[in-house]
Every structure is written in structure tokens, then in C-alpha cells.
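First residue of the sequence shown: 10, per the numbering used here; consecutive thereafter. Don't be surprised by glycine CBs; every beta carbon is placed ideally from N, CA and C. To start, the structure itself, in C-alpha cells.
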Amino acid sequence: LWKSFDQELGRLKQEVSTLLETTRWEGRPNDLRWRRIHLQTWVESVLDRWRQLLPEPHSISVELTALDFDIITDPDVLRMIFDNLIENARKFSKDVATIRVRGEREDERWRIYVIDDGWGFEPKDAKKIFQRFWRARSPAPYSIPGTGLGLYLARVASRAIGIRLRAESDGIGKGARFVLKGKVPDEEDDRLLSGPDPRKSQ
């Protein structure tokens with residue numbers, strides 16, 4: 010019981026810290042720490058850490074060969090987005106979390122899908138789930154911990170680094186798909202890396 014309380018307290022402290030960070034991002038976007046990262050390698054490293062955190066029989070499968078290129082982003086902010094999406098998939102799994110992460114590239118645009126086979130949501134609620142404190146009406150147990158802030162924080166963070174995040178589901182009990190969409194940087198973006206706000210090129 011003590012361990013459970015300690016874990017929940019740690020999770021809440023992290024969410025409060027991230028919520029304060031989102032206020033800073035929105036008010037002072039120049040505070041973001043822009044870096045060039047190799048997208049495929051970076052995502053794989055984040056998912057490797059999650060594989061260690063999720064005990065069997067939970068699983069994460071990846072298909073990221075299409076992401077063999079660099080992007081310009083704030084890695085800490087991007088990691089927070091992935092952490093919230095994976096944690097959301099884990100929490101709202103029906104029993105065993107089976108998470109699939111797939112990357113696509115079309116011309117100079119890329120997409121990353123985080124797909125689960127959990128409780129899902131009504132298609133009409135696809136935008137509502139990013140609202141603060143909102144939780145979908147579903148047969149998922151109300152004992153699932155959470156404040157309703159994780160997806161809200163992921164959406165705010167996505168906007169801060171110039172990428173888009175949307176949610177999709179075919180209905181209650183049919184799982185969910187979260188899609189991150191961004192732009193492959195060009196030479197102009199490289200020059201902006203030393204400037205005040207590379208998001209303007211997105």
C-alpha cells in the first residue's frame with residue numbers, strides 16, 4: 010500500500026511540474042532547447058526504456074525504418090509527449106497492454122502512430138479527450154489512476170515544438186490511435202537553429 014501511494018505521489022508531482030512547464034512554454038517559447046536529433050534512433054531509445062518499465066506480458070512493437078532522418082526539436086518536450094502517450098495506452102488497456110508504434114514519411118512530412126487495443130472512445134470525443142480533466146465515458150474501471158491532464162499536456166507540448174497531435178478511435182472497446190505529425194527540416198530550418206524560434210519554419 011505504501012509503495013502504491015509513493016508511486017501515485019511521484020506521478021502527481023511529475024504532472025504538476027509538467028503543467029507549470031507548459032505555462033512557461035506558452036509564455037516564453039524561446040526558452041525551449043532546440044536540438045537536432047535522429048528521429049528513428051531517438052524514438053527507439055525512448056521505447057527501449059518503456060520496455061524495461063512494462064513487465065511481461067505487456068509489449069511494445071515498433072516499425073520506425075521510415076523515420077531515418079533528423080529533425081529539429083526540444084528532446085525533453087518530445088520525450089514528455091511520448092511518455093504521456095505510452096502511459097495513456099498502458100493505463101487504458103483492457104488487461105494486457107499491446108502497444109504498436111509505427112512511423113511513416115510522405116515527402117517532407119512525417120507521422121508517428123501510437124496504437125493500442127484498449128478501451129478507446131467515441132469518435133465524436135476525439136477532440137474532447139485533450140481537454141483538461143476530461144475522461145471519456147467508457148467501461149474502463151474508474152479505479153484507473155489519473156487526473157485527466159496527461160493528454161492535455163501532450164497537446165500543449167506538441168504545439169510548443171511545432172508538431173500536431175490528434176486522436177482517433179473506432180469506438181468504445183476498439184482501441185485508440187494517437188498520431189504525431191511534423192516536418193522534415195530543410196536548410197532554412199538549420200539556419201534558424203541558431204535563431205530565436207525554429208517553430209516558425211514548421
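CA-to-CA distance, residue j to residue i, given in whole angstroms
| i | j | result |
| --- | --- | --- |
| residue 138 | residue 117 | 29 Å |
| residue 177 | residue 188 | 8 Å |
| residue 59 | residue 96 | 9 Å |
| residue 78 | residue 106 | 29 Å |
| residue 171 | residue 194 | 12 Å |
| residue 64 | residue 99 | 11 Å |
| residue 122 | residue 167 | 14 Å |
| residue 165 | residue 75 | 26 Å |
| residue 53 | residue 91 | 11 Å |
| residue 22 | residue 94 | 18 Å |
| residue 133 | residue 125 | 18 Å |
| residue 66 | residue 142 | 30 Å |
| residue 131 | residue 44 | 37 Å |
| residue 112 | residue 49 | 8 Å |
| residue 129 | residue 40 | 35 Å |
| residue 181 | residue 11 | 34 Å |
| residue 55 | residue 120 | 17 Å |
| residue 80 | residue 18 | 34 Å |
| residue 73 | residue 51 | 11 Å |
| residue 104 | residue 86 | 29 Å |
| residue 62 | residue 102 | 16 Å |
First through last residue of the beta strand (DSSP E) which encompasses residue i
| i | result |
| --- | --- |
| residue 173 | 173-177 |
| residue 72 | 68-72 |
| residue 185 | 185-192 |
| residue 195 | Looking at the DSSP string, residue 195 is not in any beta strand (DSSP E), and its letter there is neither H nor E. |
| residue 79 | 79-82 |
Minimum C-alpha distance to residue i - residue among the options
| i | options | result |
| --- | --- | --- |
| residue 174 | 162, 183, 181, 184 | 162 |
| residue 68 | 132, 135, 127 | 127 |
| residue 160 | 122, 140, 51 | 140 |
| residue 84 | 46, 18, 169, 191 | 46 |
| residue 191 | 129, 115, 181, 182 | 115 |
| residue 82 | 112, 182, 72, 169 | 169 |
| residue 110 | 44, 130, 71, 131 | 71 |
| residue 108 | 49, 11, 184 | 184 |
| residue 158 | 42, 73, 89, 179 | 89 |
| residue 136 | 87, 186, 56 | 186 |
Where the alpha helix (DSSP H) through residue i begins and ends
| i | result |
| --- | --- |
| residue 57 | 48-62 |
| residue 168 | 159-169 |
Residue i at chain C interface by Cβ criterion, 8 Å
| i | result |
| --- | --- |
| residue 42 | In the displayed structure, chain C is absent; only one protein chain is listed. |
| At which residue ranges does the region 86-137 contain complete beta strand (DSSP E) runs of 3 or more residues, listed in the order of the chain? | Fully enclosed beta strand (DSSP E) runs of 3 or longer: 107-115, 118-125.
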